[in-house]
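One structure below.
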Amino acid sequence: MEAMNVRQAVRDVPAYRFEALPALVKLDQNESPDDLPATLREAALARVAAAEWHRYPDLHPDGLAARLAARHDWPAEGVVVAGGSNVLIQALVVLSGIGRNVAALSPSFPLYAQQARLLGAALHEVPLGPEHAFPTEAVIDAVAVGSGVGFLPAPLAPTGNAVDPRDLRRVAEAAGPGWTIVIDEAYAEFAGSDHTLLARDHPRVVVLRTLSKAFGLAGARLGYAVADPALAVELRKVILPFSVSALQLAVGEAVLDAPHWIDERVRATVAERERLAAELRVRGVRFVPSVTNFILLRVADAAATHRGLLRHGVLVRRQDHLPGLAGALRVTVGRRDENDAFLRAWDALTRVNGEPHA
Ligand code: PMP
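My numbering puts the sequence shown at residues 1141 to 1498.
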């Protein structure tokens, strides 16, 4: 260990927590439960086959950026495409955070804090308010003076509750001139929200979107930022050249050419989310009202319930290691049959112990 010439900041950061466990019903990563229809996969494969594999891809994926920009009625030069919104989170810390500050909600998506620590930014974690509410005043305090980048997931993650656009507007208005405010809308499609409207009025607001959730492309790795075109020029500089492959682009373009499929998928997931929430309410389960494709539950013993569900073939995600989330488990909204399997497993555990334990 001593001989390893690794920066202390890197050694100090724990590795990203994810344990891949085999399960019949996989409700642990907020993925789309359905893969693309066969016709769409064929259309994507035809594009992959037609791509020039021996050539470098576009330096910046302009074709995909233009399609995405049209969805938001945004200038194409303001859309920055990358291999997942993870990549853009890191790029935004490089852009505005290194040697300055990163403000992140706590609990929230762990990557914001991890990148701040790895890249050398002072981290300011802002605790959520009562009932996991968006802490408007505390966020304003964190970004009023100095400089840096603030990461605000909306809807909130991993709690899944909504953020009032008026609160985000207040933050954007109060943020000091040295701050870039990032609204991470990974789950926006399920909430029907669109904070690019705020970015229109505030050029220091950047909106992040992903194709990993509603678009069902977690395996293809694509995400994008919607930003003021002048800021987008700077953001592109910090993303490695040619890092989105021709193969990724072919798949992304095929899916964006069939947007009705995405809308149908979102409608089905939202209907299932509401059904699952009603079933949990009937059972007296404590959970955070969700506008996303997942629900955060609270149980007495998260480890035991996680294990118990897994024994019944259902994999959910533990979140009880996060601050303020003792006993928390996160269940992704799956297909109807998967959600039924989850409820059956839950009931089987409850019958044994009254409260789902092992
Ligand atoms: N932001 C949030 C809030 C997320 O939950 C996730 C994925 N779990 C991401 C960003 C990263 O998404 P991507 O797959 O586009 O890297």
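C-beta atoms are modelled at their ideal positions from N, C-alpha and C, and glycine is treated no differently.
| Query | Result |
| --- | --- |
| Straight-line gap, L1437 to D1281 (C-alpha atoms, nearest Å) | 30 Å |
| Near ligand 1: T1409 beta-carbon under 7 Å from a heavy atom | no |
| C-beta contact flag for L1259 and V1289 at 8 Å | no |
| Spatially closest choice to L1338 from W1214, V1439, A1186, by CA coordinates | W1214 |
| 8 Å Cβ cutoff met for A1365 and L1348 | yes |
| Any 3 or more C-beta pairs closer than 8 Å across the stretch 1269-1276 and the stretch 1299-1319 | yes |
| Residues that R1438 bridges to, as DSSP identifies them | R1426, A1468 |
| P1293 CB to nearest heavy atom of ligand 2 below 7 Å | The ligand content of the structure shown is limited to ligand 1, which means ligand 2 is not among them. |
| Opposing strand residues paired with R1458 [DSSP bridges] | L1469 |
| Beta-carbon proximity of T1336 to H1200, cut-off 8 Å | no |
| Within 8 Å, strictly: CB atoms of R1405 and D1174 | yes |
| Cutoff 7 Å; reference R1476; Cβ partners in own chain excluding five residues on either side | E1412 |
| Assigned exposure category for E1241 - 16 Cβ within 10 Å defines buried | Contrary to the premise, residue 1241 reads as Asn rather than Glu in this sequence. Per the 10 Å Cβ criterion, buried. |
| Residue from A1183, P1369, G1453, V1473 with nearest C-alpha to A1209 | P1369 |
| Given H1264 as reference, the closest of E1271, P1247, P1270 once Cα atoms are compared | P1247 |
| Local conformation of A1498 per DSSP, three classes | Confidence at A1498 is low in this model, with a pLDDT of 42, below 50, so its placement is unreliable and the value that follows should be read with caution. The answer is coil: DSSP assigns A1498 none of H, G, I, E or B. |
| Range covered by the beta strand (DSSP E) that runs through I1323 | 1318-1324 |
| Boundaries (first-last residue) of the beta strand (DSSP E) holding E1265 | 1262-1267 |
| Span of the beta strand (DSSP E) around R1349 | 1345-1350 |
| Those residues, in chain order, that have a beta-carbon closer than 5 Å to some heavy atom of ligand 1 | G1224, S1225, N1226, F1249, P1293, A1297, D1324, A1326, T1350, S1352, G1363 |
| CB contact flag (Q1501, V1153, <8 Å) | Examination of residue 1501 is not possible in this model, given that the chain is present from 1141 through 1498 alone. |
| 3 or more residues per run - each beta strand (DSSP E) lying fully within the stretch 1282-1336 | 1287-1293, 1318-1324 |
| Reduced DSSP category for G1448 - H, G, I as helix; E, B as strand; rest coil | helix |
| C-beta atoms of A1216 and A1222 nearer than 8 Å | no |
| From M1144, L1204, A1367, Q1169, residue whose alpha carbon lies closest to that of A1320 | Before going on, a small fix: residue 1320 reads as Thr here, not Ala. Cα-wise, what sits closest to T1320 is A1367. |
| Cβ-Cβ distance between V1505 and E1414 below 8 Å | No information on residue 1505 is available, as it lies outside the stretch 1141 to 1498 that the chain covers here. |
| Beta-carbon proximity check, L1185 vs L1245, cutoff 8 Å | no |
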